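Undergrad: Right, I'll just put the structure down here and ask away after.
Rendered as structure tokens:
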């Protein structure tokens, strides 16, 4: 089941990034889910929290696309290694690498964390920066 949920997460992220479609990604999160990353030490909770988290993510970029290098999946967890690149809202190109860890119960994500270097990303997001 975790393999299927990880696959659906990747597809839902593609829809979010390409078409600003939040519905599929939000639907993956359990009512008790805990969501966060290194930029947001406070957690977001449940589907409403997932909607806020992913809205903030998508609104941070003019254009964005993630590709996945590695997917490591066990019975109830997945680690996804990715590269995300695109254009910031100020027009600067960016590219950054990271890992997302998903904890899964049944077909729902109960915990999500994304780990990456926020300083390297921040420098690229500045107007007139070069990646």
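Residue numbers (UniProt numbering): 1 to 131.
Ideal placement from N, C-alpha and C gives every residue a C-beta, glycine not left out.
Treat the numbers as computed from the prediction; the structure is a model and nothing was measured.
1) Taking the alpha carbon of residue 100 as the point to measure from, which residue in 86, 59, 43, 36 has its own alpha carbon closest?
2) Check the C-beta distance from residue 81 over to residue 68 and give it rounded, since I have them as a contact under 8 angstroms.
3) Please classify residue 75: does DSSP put it in a helix, a strand, or coil?
4) Terminal residues of the continuous alpha helix (DSSP H) containing residue 16?
5) Would you grab the beta carbon distance between residue 22 and residue 66 for me? Rounded to a whole angstrom, and I think it's under 8 angstroms.
6) What separation, rounded to the nearest whole angstrom, lies between the Cα atoms of residue 131 and residue 121?
TA: According to the data block:
1) 36
2) 7 angstroms
3) coil
4) Unbroken alpha helix (DSSP H) run through residue 16: 2-19.
5) Their Cβ separation, rounded to whole angstroms, is 15 angstroms, which puts residue 22 and residue 66 out of contact at 8 angstroms.
6) Low local confidence applies: a pLDDT of 47 at residue 131 is under 50, so the model's placement there is unreliable, with the coordinate-based value given in what follows. Cα-Cα distance, rounded: 9 angstroms.
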